[in-house]
Each structure stands twice: as C-alpha cells, then as structure tokens.
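Asker: In the numbering used here, the protein residues as written are 9 to 394. Virtual Cβ for every residue (Gly too), placed ideally from N, Cα, C.
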Ligand SMILES: [Fe+2]
C-alpha cells in the first residue's frame, strides 16, 4: 500500500508539475506522460512482478540508470516546494517578466535535477571511508582496553555487486585490524540461492585477511526478512562460523579472564513474517548486572521505559539519510536518529551510514556517504571522536 501511494503520488506530482504546464500543447505530451508513469511506477512495477524485487536482479548499469532517472523525479519533487514558494513571491510582487520565464526555468530545474541524481547515484556506489570513534566507559573491563571493533552493515549485495567491489570492501575491514567484527544486518538482497556466493566470498576474504580474536557476530536486518529466506540466511551465517544473535547474547572472554557481553535483537520487520519481534529484555537475559554490554540492533531506537543495559549500541539501516530532504523522512521513521554518534540514556549509540547502499534507492550526497565504522574501546570514562 505504501508503494502504491508513493508511486501514485510521485506520478501525479510529476504529471501536474512537469507534463501539464510544459507539454500540454505539444505532441510530446503523451510520450512524456507515459515516461513519467514508467519512472514513477518503477518500484511498484518491481514489487508487483515479485522478481526482480527493487531491481536487485538487474546489472549495475541498468540499476544506476533507472535509479538516477527515478531519483531525478524525487529531487524535482523536493525542489518543487521552494520553487512554488519562490514563484508565489514573484506573483505577489507582480514580477511578471520572471513569471513568464517559468517554463524555461523549469527545464533548467529538470536538467539540474537529472545531473544531481546521476551524481548522487555515483556517490551512492562509492567506497566507504573510515570513521574512527574512541569509546571509553567504566563498563569496559581492563582486558578489553584498546579492543578494535569494525562494524559492517547494510552491504545490500545484489546482482550488480561485482567481485572486485566485494574484495575492496573486505580489504577496508581487514586494514582496520579488527579484534571483533560486528554485522548489523541488511547484508543481502535476494535468497540464499541468489546471493550466497557473493556473501561467502566477502566472508572468506575476511577470514584470509584477518583473524579477529573475538570473532564475528551478526544480527538480522529487515532485508534478511524481505529476502523470503530468513531461516536460510541465519543458518548460512552460522555455517560460516559467525555467531548469530536473535534476542540473545554471547559472552566474550579476554586473556586475563575479564568478560564483556554482546547482545543482539531481531528486526521489527520480523512481525510481518511471523518471526520473533525485537525483545531487549530477552536479549540481555542472564547477563550479570555489573557486566558491560554492547548491543546490536539493525535500527536505532530509544529505550522505551525499560532499563537499557548497553553502554554502547551499534546500528545502521538509515543509510545516513541519503540525500537532503529524504533525510527528514529517515529521521522521522527512525525515532530522530539519522547518522553518527549519539550520547543519550547513559549510552553511546552509533548509527552507521552503511558500508554499502540499497539498490532500490542508491542515492547519496555528502556527508551522507558510506562509512566503515571503527571503534576503539577504552576502559576509562572518556569518549572522543576523531
Ligand atoms: Fe534496513
């Protein structure tokens, strides 16, 4: 229903704003209307055809082209608000000369939006840059001092993800010399049959390039549920030697015997697919009250009246808001969180922009670009960002 409303709304807007005023008296009116219908209805078309869903089975070039054209429509829709206000002011000031230029200026707006959309898609598929945080807490035992954690999230591997890109992404993680690798969901778009070779290649690269002493731990994202093969993906990850947390926790033990716990929850998309919804109390059950807890959750969240055990939380899902305008929707949909390091409720919450980008809307504009989150733990009450 959401897709139907979004596609319908975008088409209606584009038709009223672009086709009707500019092409009404032209032979191009019908072809332009049809083209807008196809572009605006792209996601709906993918959805109704079931496969390929959101273009995940298209090659990279086809995905980039259709995404840029669809993105141009979205950008025009965003810009139309200040555009309408501007021409409203011209009307009030009776600046008829400028008002008569409206048609030509609208063409310029469309051209700029198309250029911006192609640039945003290029940025969307650019490699992540390292972002380093030092997180100090009294809850970090001495045995975990200087532990390096790398977060991998929102890889969104699809058919167009090349082996070279997979290898390059793995190299970024390996270069950070991780003691612990945390996966926070949305690793793939597709079934195990469609995507396992790509994810296996990535994990094999990691295993060959580094051996994190505290291993690799994962929680699911909404796209693991959307894949239609949730159980298959969870057992695939376990078969690769990754600890999968579904409202559960795992104890890490340092060489000196100190303990730290990593807890992880499922994603709220579980409810739509008959799975277990996120349960923070269950995820932290059995952990001693004085122990330090790191929480993994695909989406950022505000603790809702319950005591949150974690001093550090890793999340993703937002893609950093992607582009201005869309980031406001992302913020609204994610309880006020969009990107970066937040300090609230006595915890440090990291919202990664994502190591990759979803092929359904692969547009980004700096500073909303992909990141490779590297955290160094400190067993003291200091917290720096560098
Ligand atoms: Fe997600």
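Using C-beta distances below 8 angstroms, list every residue in its chain close to residue 257, excluding the 5 sequence neighbours before and after it, in chain order.
Answerer: Only 269, 270, 271, 272, 291, 292, 293, 294, 295, 301 meet the Cβ criterion.
Asker: Let me see if you follow: with CB-CB separation under 8 angstroms, is residue 247 close to chain B or not?
Answerer: In the structure shown, chain B does not exist; there is a single protein chain.
Asker: How many Å lie between residue 370 and residue 78 at the Cα?
Answerer: Taking the straight line joining both Cα atoms gives about 10 angstroms.
Asker: Just tell me which of 267, 65, 127, 33 has its CA closest to the CA of residue 165.
Answerer: The shortest C-alpha separation from residue 165 is found at 65.
Asker: Please say whether residue 161 and residue 363 have beta carbons closer to each other than 8 angstroms?
Answerer: Result yes, Cβ atoms of residue 363 and residue 161 sit closer than 8 angstroms.
Asker: What residue does the beta strand (DSSP E) around residue 143 start on, and which one ends it?
Answerer: Residue 143 -> beta strand (DSSP E) spans 137–144.
Asker: What residue range is occupied by the uninterrupted beta strand (DSSP E) comprising residue 359?
Answerer: Counting along the chain, the beta strand (DSSP E) containing residue 359 begins and ends at 355–359.
Asker: As a quick check of your reading: which residues have a C-beta less than 5 angstroms from at least one non-hydrogen atom of ligand 1, in chain order?
Answerer: Qualifying residues come out as 194, 229, 230, 325.
Asker: When DSSP labels each residue in this structure, what does residue 123 get in the three-state scheme?
Answerer: The answer is helix: DSSP assigns residue 123 an H, G or I state.
Asker: With H, G and I counted as helix, E and B as strand and the rest as coil, what does DSSP make of residue 237?
Answerer: If DSSP states are grouped into helix, strand and coil, residue 237 belongs with coil.
Asker: Give the secondary structure of residue 5 by DSSP, where H, G and I count as helix, E and B as strand, and everything else as coil.
Answerer: Here the chain covers residues 9 to 394 and nothing more, so residue 5 does not appear.
Asker: Evaluate residue 340 with the Cβ neighbour count: other Cβ atoms within 10 Å of its Cβ, from every protein chain shown; 16 or more gives buried, anything less gives exposed.
Answerer: The residue in question, residue 340, is exposed, as its Cβ has fewer than 16 Cβ neighbours within 10 Å.
Asker: Determine the direct distance from the alpha carbon of residue 106 to that of residue 309, and round the result to whole angstroms.
Answerer: Near 48 angstroms, if we compare the C-alpha coordinates of residue 106 and residue 309.
Asker: When the Cα atoms are used, what is the spatial distance from residue 93 to residue 33?
Answerer: Roughly 26 angstroms between the two C-alpha positions.
Asker: Compute the beta-carbon to beta-carbon distance between residue 347 and residue 326, rounded to the nearest angstrom, for a pair I have assumed lies under 8 angstroms.
Answerer: About 6 angstroms; that satisfies the 8 angstroms criterion.
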